[in-house]
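Read the structure below first, then the notes.
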Amino acid sequence: QAKKRHDSSTEIFDSTMHASILDRIMLESDLHAALVHNEFVLFYQPIIDLKTHALSGFEALVRWNHPSRGLVLPAEFIPVAEETGMIAGIGEWIILEACRELKSLQTRYPAQPPLKMNINISGRQFAHENLADMMANALQQTGVIPQSVALEITESMLLDNVELAIITMNRIREMGVEIHIDDFGTGYSSLSYLHRLPINALKVDRSFISKLTENGENQEIIRSVISLANSLNLDVIAEGVELNHQLEFINELECQFGQGYLFSKPMEAASLDEWIMTRIAKKG
Ligand code: C2E
Ligand code: MG
Ligand code: MG
Ligand code: MG
Numbered sequence: 674q675a676k677k678r679h680d681s682s683t684e685i686f687d688s689t690m691h692a693s694i695l696d697r698i699m700l701e702s703d704l705h706a707a708l709v710h711n712e713f714v715l716f717y718q719p720i721i722d723l724k725t726h727a728l729s730g731f732e733a734l735v736r737w738n739h740p741s742r743g744l745v746l747p748a749e750f751i752p753v754a755e756e757t758g759m760i761a762g763i764g765e766w767i768i769l770e771a772c773r774e775l776k777s778l779q780t781r782y783p784a785q786p787p788l789k790m791n792i793n794i795s796g797r798q799f800a801h802e803n804l805a806d807m808m809a810n811a812l813q814q815t816g817v818i819p820q821s822v823a824l825e826i827t828e829s830m831l832l833d834n835v836e837l838a839i840i841t842m843n844r845i846r847e848m849g850v851e852i853h854i855d856d857f858g859t860g861y862s863s864l865s866y867l868h869r870l871p872i873n874a875l876k877v878d879r880s881f882i883s884k885l886t887e888n889g890e891n892q893e894i895i896r897s898v899i900s901l902a903n904s905l906n907l908d909v910i911a912e913g914v915e916l917n918h919q920l921e922f923i924n925e926l927e928c929q930f931g932q933g934y935l936f937s938k939p940m941e942a943a944s945l946d947e948w949i950m951t952r953i954a955k956k957g
């Protein structure tokens, strides 16, 4: 009886569902092994000081070098790591590795102010009671000064419990580490409590930069984010700058920093020297 009702469309549905559940289970179990097998790698994307045209620092972006899938992007495994609680361990590794690379970069390329490193923190990681301790431990192990590190959090992490979030943020700020709001403008957060947050900078989401057209459409949103930031004494970093006219536009406003494919895609650590050298050579 049941078999009769099984037409081909439900069969296809069942098998794709089955495949995706299986895929998810495999991803999860592979993720367990990934930390032990050292399969995570950090890529680094330059952040440019738009006033001086100097390299300000980098954002660390994690990838998973999976033995058979190849390079897996964070959008695919960070949510799984969050749901399974594995993010704590992975996040700890990311913080330590980013600080190690920063120390090495600062030694290779001494600058005033010193090169900086932005590290992404996801929701569960931010809510984890040990985040501040992990950060302190990484600074101590690597000898990096706290002022050259910034943690990037998103607006959505503040939604659940703003008061608790502020306590965590204060602990981090007291150490001297900066806090930046990532993907700013995409969340639901009301601007009303922005002035209460102990933050240093807003990163204008890539979607706003990419919507900038040459004939001036969508400039208003960016203009207002920048003036809001300036009134709160916050720096502004424009994400996802890909085209010259986008750079020209944010340059004219009081936007201090830019990041995007126009400057560079995220690079593995081994490529940083060549990129920095080429840049220095070009500037003469
Ligand atoms: P995000 O922090 O907003 O990072 C920016 C994303 O935009 C990166 O994608 C980067 O490669 C990409 N991007 C940068 N410039 C351009 C551009 O000019 N054009 C375009 N089309 N894209 C650009 P990625 O590396 O795939 O990371 C995606 C998200 O995953 C990140 O968004 C962040 O939320 C999360 N993520 C990345 N690394 C980490 C990490 O180490 N820890 C945690 N918790 N989350 C991470
Ligand atoms: Mg980020
Ligand atoms: Mg971002
Ligand atoms: Mg973004």
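Position one of the sequence shown corresponds to residue 674 (the UniProt record's numbering), numbered consecutively onward. The beta carbon of each residue, even a glycine, is placed where N, CA and C say it ideally should be.
Euclidean distance between Cα positions of residue i and residue j
{"i": "residue 704", "j": "residue 694", "result": "15 Å"}
{"i": "residue 887", "j": "residue 772", "result": "39 Å"}
{"i": "residue 807", "j": "residue 762", "result": "10 Å"}
{"i": "residue 732", "j": "residue 868", "result": "25 Å"}
{"i": "residue 804", "j": "residue 850", "result": "12 Å"}
{"i": "residue 674", "j": "residue 688", "result": "Caution is warranted here: a pLDDT of 46 is assigned to residue 674, below 50, making its placement in the model unreliable, and no coordinate value can be reported."}
{"i": "residue 784", "j": "residue 913", "result": "25 Å"}
{"i": "residue 820", "j": "residue 879", "result": "26 Å"}
{"i": "residue 661", "j": "residue 691", "result": "As shown, the chain starts at 674 and ends at 957. That puts residue 661 outside it, with no answer to give."}
{"i": "residue 696", "j": "residue 749", "result": "12 Å"}
{"i": "residue 844", "j": "residue 809", "result": "10 Å"}
{"i": "residue 800", "j": "residue 935", "result": "34 Å"}
{"i": "residue 759", "j": "residue 775", "result": "24 Å"}
{"i": "residue 778", "j": "residue 835", "result": "35 Å"}
{"i": "residue 827", "j": "residue 907", "result": "16 Å"}
{"i": "residue 767", "j": "residue 798", "result": "11 Å"}
Burial state of residue i (16 or more Cβ within 10 Å)
{"i": "residue 717", "result": "buried"}
{"i": "residue 676", "result": "Only weak support is given to the placement of residue 676: the predicted model assigns it a pLDDT of 47, under 50, and the value that follows is read from those uncertain coordinates. Exposed."}
{"i": "residue 719", "result": "buried"}
{"i": "residue 632", "result": "This structure gives no information on residue 632, because the portion of the chain shown stretches from 674 to 957."}
{"i": "residue 698", "result": "exposed"}
{"i": "residue 931", "result": "buried"}
{"i": "residue 814", "result": "exposed"}
{"i": "residue 833", "result": "exposed"}
{"i": "residue 789", "result": "buried"}
{"i": "residue 709", "result": "exposed"}
Cβ distance (whole Å) where residue i is taken to contact residue j below 8 Å
{"i": "residue 745", "j": "residue 715", "result": "No, residue 745 and residue 715 are not in contact; Cβ-Cβ is about 14 Å, not under 8 Å."}
{"i": "residue 755", "j": "residue 795", "result": "6 Å"}
{"i": "residue 853", "j": "residue 924", "result": "In fact, because the Cβ distance is near 20 Å, the residues do not count as touching under 8 Å."}
{"i": "residue 793", "j": "residue 855", "result": "7 Å"}
{"i": "residue 875", "j": "residue 842", "result": "Between residue 842 and residue 875 the Cβ distance is about 14 Å, and since that is not below 8 Å, they are no contact."}
Any non-hydrogen atom of ligand 6 closer than 7 Å to residue i Cβ
{"i": "residue 718", "result": "In the structure on display, ligand 6 does not appear, and the ligands it does have are ligand 1, ligand 2, ligand 3 and ligand 4."}
Self-check item: Entirely enclosed beta strand (DSSP E) segments - the stretch 865-916, minimum 3 residues
Solution: 874-877 and 908-911
Quiz item: Among all residues, which have a Cβ less than 7 Å from at least one non-hydrogen atom of ligand 3, and in what chain order do they fall?
Solution: 825, 855, 856, 876, 878, 879 and 912
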